[in-house]
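Protein chains: 2
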Amino acid sequence: MPRVHIIEDDAEISALLSTYLERRDFNCVVSNSAEDAQNHSPKDFDIFIVDIMLPGKSGLDFCQWVRQTSNVPLIILSAEKGDEKRIHGIELGADDYLEKPFNPRELLARMTALLRRSERTEKRISGKVSFNGWTLDRSNQKLHGPQNIHLPLSSTEYALLLQLIDAVPIPVQREDIGKLVFNIDLDPEDRRVDILVSRLRKKMNAVDANADFIRTIRNRGYQFCADIQGQG
Amino acid sequence: MPRVHIIEDDAEISALLSTYLERRDFNCVVSNSAEDAQNHSPKDFDIFIVDIMLPGKSGLDFCQWVRQTSNVPLIILSAEKGDEKRIHGIELGADDYLEKPFNPRELLARMTALLRRSERTEKRISGKVSFNGWTLDRSNQKLHGPQNIHLPLSSTEYALLLQLIDAVPIPVQREDIGKLVFNIDLDPEDRRVDILVSRLRKKMNAVDANADFIRTIRNRGYQFCADIQGQG
DNA sequence: GCAAGACTGTTACAAAACGCAACAAAACGA
DNA sequence: TCGTTTTGTTGCGTTTTGTAACAGTCTTGC
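So the sequences go chain by chain: L and Z.
Counting in our numbering, the first sequence runs from 164 upward without gaps.
Counting in our numbering, the second sequence runs from 164 upward without gaps.
Below is the structure:
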């Protein structure tokens, strides 16, 4: 569960953001000034989201402070528009810069991309997720059912499951599955996706009769339905 | 001197860009289609700048192609505006997404930030690496299992393991293994790679029954699955 | 409500890719 | 040279995936 530190003085925005992110399995801490934020060590977080316009010390100053002691990914938010501002922010050590008002999904995508990159370069794939007695471990790509029964998955089955779980609570379109799992442009006649889903369902049901996690949404794809808990 | 690969069909833009970047000490290669670009190995570059709208295969497809075999940083350029486009591009594996017309200085800033992030962590993985109680030491080419048991590897086995670990978390293609370990152009009939993998698996399993780190990904190669930690 | 058509679920079979044992050849060290 | 280790080859068994076929389910227009 990635730990996010949001530094933002507008209470409405920070509340919205932290709700949005917590629902997507981030662990959020909010500070409303740079001074406040500096009571924590930067290394206690996996990523920073920093508003540039803060009372007292600015977001840019905070960014420099973070960079003095760590490499923790940092994204700047700002109501000010313009290339120059963005360039300046990035040159000072921010990894990305998003203008307000922003689409929360875009922030999420950029955060994910950034975490993905920093994990990749650290050669770590993040850990386990669990749901209804099941556990999926990304580090070794293994799935365990209730009573910790190991359920071997083929590489495509694993890829499918990962996509579905990563997307929770959003359904994944058939075409996207085609793209991400099979690396093809799926034409509508192609049944590979359904069959893959069917096979995965069957395997999971063989271990746990109640394992109906994959819901079909007609014309829209498949949705993974379960309370997912991250564990690192 | 960072090596940049620019994939852009608009000759004016690519010329401008490569001039701009070369003046700032980048080494540029330009392709005007994805198909063209795929004649090079992704690993020959430090960063990609990819226009999304290309004749033939699209920039997004190219991005996915790159991600299948490498972690090389990649920035998408696009004339199309809108959050959704940007989100989609980033979700497909791009590190950043810039809309045209863009300020070259902003592109440069973002490239620099990205290179900074990927270098910062990458190069310290050089001496020993460890995973799940195992240790691989590059300096003397020795592998130790749990309880520090020394497991002697033949030179090809070591070469294979090194390739797999260096690539984490990306799978290594069979052809690449042929190239890098045996120094041959692998023809599809050749079974040497599987057998080498099989032998390495067997050796490691003899020391540690849970040592199933090498995952087969059908048609795509082998992937090393473990949380790798560098130590110098 | 009902039938036609579109979408999805599932099975069965075939083809391809891969795992691995067993043996042969080659390389290597003393 | 001999014995040991490593690597290549062959062959067969297993797993995974693609394909076709058919059954079920939802939607829509009437």
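Where is the CB? At the ideal position from N, CA and C, for every residue including glycine.
Asked                                                                                                                                                                                                  : Found
Check whether the segment 263-279 of chain Z and the segment 222-229 of chain Z touch, using three or more Cβ-Cβ pairs below 8 angstroms as the test.                                                  : no
Between the segment 198-210 of chain L and the segment 176-185 of chain L, can you find at least three pairs of beta-carbon atoms closer than 8 angstroms?                                             : no
Using 10 angstroms around the beta-carbon of residue 287 of chain Z, count the other beta-carbons present and answer buried if the total reaches 16, otherwise exposed.                                : Caution is warranted here: a pLDDT of 46 is assigned to residue 287 of chain Z, below 50, making its placement in the model unreliable, and the coordinate value is therefore given only provisionally. Exposed, because fewer than 16 other Cβ atoms sit within 10 Å of the Cβ of residue 287 of chain Z.
Give the single residue among Z:303, Z:281 and Z:378 whose Cα lies nearest to the Cα of residue 291 of chain Z.                                                                                        : Z:303
If you count every other CB in all the chains shown that lies within 10 Å of the CB of residue 174 of chain Z, and 16 or more means buried, which is it?                                               : exposed
Closer than 9 angstroms, Cβ to any Cβ of chain Z: which residues of the segment 262-285 of chain L, in chain order?                                                                                    : 265, 266, 268, 269, 271, 272, 273, 275, 276, 277, 279, 280, 281, 282, 283, 284 and 285
Thinking just about the alpha-carbon of each residue, which of Z:177, Z:376, Z:218 and Z:198 is nearest to the one in residue 300 of chain L?                                                          : Z:376
Do the segment 235-253 of chain Z and the segment 339-349 of chain Z make contact, defined as three or more Cβ pairs closer than 8 angstroms?                                                          : no
Between residue 181 of chain L and the rest of its own chain, which residues show a CB-CB distance below 7 angstroms, the 5 nearest in sequence each way excluded?                                     : 169, 191 and 193
Mind pulling the chain L residues with CB within less than 8 angstroms of residue 250 of chain Z?                                                                                                      : 266, 268, 269 and 272
Going by DSSP in three states, residue 379 of chain Z sits in which element: helix, strand or coil?                                                                                                    : strand
Around the Cβ of residue 367 of chain Z, are there at least 16 other Cβ atoms within 10 angstroms (buried) or fewer (exposed)?                                                                         : buried
Along the alpha helix (DSSP H) that carries residue 301 of chain Z, what are the first and last residues, could you check?                                                                             : Counting along the chain, residue 301 of chain Z falls outside any alpha helix (DSSP H), and DSSP gives it neither H nor E.
Out of curiosity, what's the CA-to-CA distance linking residue 232 of chain Z and residue 278 of chain L?                                                                                              : 19 angstroms
Can you tell me whether DSSP reads residue 293 of chain L as helix, strand or coil?                                                                                                                    : strand
Distance, Cα to Cα, residue 221 of chain Z vs residue 249 of chain L?                                                                                                                                  : 28 angstroms
Run through chain Z and tell me which residues come within less than 8 angstroms of residue 346 of chain L, C-beta to C-beta.                                                                          : 227 and 231
Under 7 angstroms between beta-carbons, which chain L residues line up against residue 371 of chain Z? List them in chain order, please.                                                               : What residue 371 of chain Z touches in chain L: nothing, since even the nearest Cβ is about 13 angstroms away.
Is it buried or exposed for residue 383 of chain L, if we count other Cβ within 10 angstroms and need 16 for buried?                                                                                   : exposed
Determine, using beta carbons only, whether residue 243 of chain Z comes closer than 7 angstroms to chain L.                                                                                           : no
Name the chain L residues whose beta carbon is nearer than 8 angstroms to that of residue 389 of chain Z?                                                                                              : 302 and 303
Please check the pair residue 276 of chain L and residue 253 of chain Z, which I expect to be a contact at CB under 8 angstroms, by giving their CB distance rounded to whole angstroms.               : 5 angstroms
Leaving aside the five residues before and after residue 230 of chain L along the sequence, list all residues of the same chain whose C-beta is less than 6 angstroms from its C-beta, in chain order. : 256
Which class does residue 266 of chain L belong to by DSSP, given the choice of helix, strand or coil?                                                                                                  : coil
What residues match up with residue 386 of chain Z in a beta bridge as DSSP calls it?                                                                                                                  : Z:378
In chain Z, what lies closer than 9 angstroms to residue 350 of chain L by C-beta?                                                                                                                     : Neighbours of residue 350 of chain L on chain Z: none; closest Cβ ~15 angstroms, over 9 angstroms.
In whole angstroms, what is the alpha-carbon distance linking residue 284 of chain Z and residue 259 of chain L?                                                                                       : In this predicted model, residue 284 of chain Z has a pLDDT of only 49, less than 50, meaning its place in the structure is not dependable; the value taken from the coordinates is given anyway. Approximately 18 angstroms between the Cα atoms of the pair.
Considering only residues of the same chain and omitting the five flanking positions on each side of residue 124 of chain Z, which have a CB-CB separation below 8 angstroms?                          : Outside the shown range of chain Z, which is 164 to 395, sits residue 124 of chain Z, and nothing can be said about it.
Within 7 angstroms (strictly less), CB to CB, does residue 254 of chain Z reach chain L?                                                                                                               : yes
Between the C-alpha atoms of residue 274 of chain L and residue 212 of chain L, what's the straight-line distance to the nearest angstrom?                                                             : 9 angstroms
What does DSSP give as the partner residue(s) for residue 211 of chain Z in the beta ladder?                                                                                                           : Z:168 and Z:237
Residues in its own chain within less than 6 angstroms of residue 218 of chain Z by CB, not counting five upstream and five downstream?                                                                : 172 and 196
On the premise that residue 387 of chain L lies in contact with residue 312 of chain L, defined as a C-beta separation below 8 angstroms, what is that separation, rounded to the nearest angstrom?    : About 20 angstroms separates the two Cβ atoms, so there is no contact after all.
Which of helix, strand or coil does DSSP assign to residue 393 of chain Z?                                                                                                                             : strand
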